[in-house]
Structure formats: structure tokens, C-alpha cells
Amino acid sequence: SAVISQKPSRDICQRGTSLTIQCQVDSQVTMMFWYRQQPGQSLTLIATANQGSEATYESGFVIDKFPISRPNLTFSTLTVSNMSPEDSSIYLCSVARDRGEAFFGQGTRLTVV
Amino acid sequence: SQQGEEDPQALSIQEGENATMNCSYKTSINNLQWYRQNSGRGLVHLILIRSNEREKHSGRLRVTLDTSKKSSSLLITASRAADTASYFCATSNRDDKIIFGKGTRLHILP
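Chains as they are written, first to last, in the numbering used here: chain X, 1479 to 1591; chain W, 6 to 115.
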């Protein structure tokens, strides 16, 4: 298994500001994934963060809005930029093991007012 | 983008009954996984089934996979109140991305 620490666990932010979410894993992993879960919905993959290269974004998500850093094999950040109320969601980071199963942080519950 | 579609979207059953949830997906996969999410909490990995497997068991859970029909089912036997949660199927392919379905909300009635 993997232990993933994500912070902050929750935040209330003003529209137009940015929030950076941190994700720390207790072991080295090649790929880290960032998801968004809007209220009452499933998880939607935002991007894949690889160490040493640019993140790969899914359709509908762009780097200017969700810049991602991956400075080493145990850490990543996701920034939600120029926030609007529509960005209110739970944001989760995840890693996948060789066996294929994914482990998730507890998520960051973001409310934009 | 969503890969899987769970069916039903919501399910209410009496405690002690069996609960069956289905998942259909669109593209070829390496494996399929089921997760549970209690309200407002993180996701818990339940079981993974690989594309060359047809059935797996884990405690009260039984998962089947039919790659010809691109579908999977999750059976929870002898349901308990603690099983009340949302259940998601998720698929993984060669690029290791895990794509989630829309989920089934399961409510166990006392």
C-alpha cells in the first residue's frame, strides 16, 4: 500500500485567488494523478504528473488553470488558479502501484465564495 | 472523461440482502477495479480484476468481468449497514491512467 498525505484538507477561498494543494507519498512513484470530484459526482481525471516532464492534461483541463509541479518522485502540487465558484470540488491525488490498484489521499475540499 | 457506466445509479436494499452493481466500459482495459467511498470521505480500494480473469472473491465481495461484453459486476453478499456508500468501478489501460465510472449509491436499510 501507499500512504498519501494531502493538504490542506479543506479551504474556503475568495473567487479570483489561487490555491495550491500538496500531495506527499511515502515512497517513490513514477506517476501521480490528480482528480476532481464535483459535489455528488464521480472522479474526473485532471492530469497525470510525471517527474521530470510536463504534466499530461485530460480533455477539458488546461495548464493555465491547473498548473502542476512534480519536483521529485514523492511529491506533487496542483494549483487551482483564478478560482470561481464552479471550482468548488474535492481534489484528490493518487498513485498507482505495479499491481495496478490506485491509492488516494483524503482529498482537499475546496469551497470558492 | 468517464469510461465506466454503473447501473443502477442508486440502490436501496434491506440489511442482509445481497447487492449487485454493474459496470460497463467502452475501450479495452488492462484491469478493472472497484472502489468504495463513504460520504465525504476518501476512496477505499476494494478489489482489482485483470483482463484475463473472469471472477474474483474477497470476503463478502464477488467481482466478475466479461471482456467480450465490456462489463463487470460487483456483488456484496449479506449486506450490512456499514456497506452504505457510493461504489465506483474504474478501468486502467496501458497508460496506467485510472478512469472512473459515475458510481452507484448503495443504501442499506435497517
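The beta-carbon is built from N, C-alpha and C at its ideal position, and this holds for glycine as well.
Return helix, strand or coil for residue i, following the three-state DSSP convention.
i         : result
X:Asp1489 : strand
W:Ala83   : coil
W:Asp88   : helix
X:Ala1480 : coil
X:Gln1506 : coil
W:Lys74   : coil
W:Thr109  : strand
W:Glu60   : strand
W:Ser97   : strand
W:Arg65   : coil
X:Thr1495 : coil
X:Arg1514 : strand
Evaluate residue i with the Cβ neighbour count: other Cβ atoms within 10 Å of its Cβ, from every protein chain shown; 16 or more gives buried, anything less gives exposed.
i         : result
W:Arg85   : exposed
X:Asn1550 : exposed
W:Gly64   : exposed
W:Val49   : exposed
W:Gln38   : buried
X:Ser1572 : buried
X:Val1481 : exposed
X:Asp1542 : exposed
With distances taken between CB atoms, is the gap from residue i to residue j smaller than 8 Å?
i         : j         : result
W:Ser91   : W:Gln19   : no
X:Cys1501 : X:Phe1553 : yes
X:Thr1555 : W:Lys102  : no
X:Arg1587 : X:Ile1568 : yes
W:Asp12   : W:Asn27   : yes
X:Gln1584 : X:Gln1515 : no
W:Ile54   : W:Ser77   : yes
W:Asn35   : X:Gly1578 : yes
X:Leu1521 : W:Phe105  : yes
X:Val1591 : X:Ile1490 : yes
W:Thr109  : W:Gln14   : yes
X:Phe1511 : W:Gly47   : no
X:Leu1497 : X:Thr1534 : no
W:Asp88   : W:Ile81   : yes
X:Ser1562 : X:Arg1488 : no
key: Contact residues within the segment 83-104 of chain W, judged by C-beta distance below 9 Å to chain X   = Interface annotation for the segment 83-104 of chain W against chain X: Ser91, Phe93, Ala95, Ser97, Asp100, Asp101, Lys102, Ile103 and Ile104, criterion Cβ-Cβ distance under 9 Å.
key: Segments assigned beta strand (DSSP E), at least 3 residues, entirely inside the segment 1517-1589 of chain X   = 1521-1528, 1546-1550, 1553-1558, 1567-1574 and 1580-1582
query = Taking Cβ-Cβ distances below 7 Å as the criterion, which residues of the segment 53-69 of chain W are in contact with chain X?
reply = Under the 7 Å Cβ criterion, the segment 53-69 of chain W contributes Leu53.
message = In chain order, what are the residue ranges of uninterrupted beta strand (DSSP E) at least 3 long that sit wholly in the segment 9-40 of chain W?
response = 10-12, 15-19 and 24-29
task = Anything in the segment 12-36 of chain W with a Cβ closer than 9 Å to a Cβ of chain X? List those residues in chain order, please.
result = Asn35 and Asn36
ask   = Which residues, in order along the segment 1557-1586 of chain X, keep a beta-carbon less than 8 Å from a beta-carbon of chain W?
value = Leu1570, Ser1572, Ala1574, Arg1577, Gly1578, Glu1579, Ala1580, Phe1581, Phe1582, Gly1583, Gln1584 and Gly1585
ask   = If contact means a Cβ-Cβ distance below 7 Å, which residues of the segment 1517-1529 of chain X contact chain W?
value = Ser1520, Leu1521, Leu1523 and Thr1526
task = Could you name the residues of the segment 1498-1513 of chain X whose beta carbon sits closer than 9 Å to any beta carbon of chain W, in the order they occur along the chain?
result = Thr1508, Met1509, Phe1511 and Tyr1513
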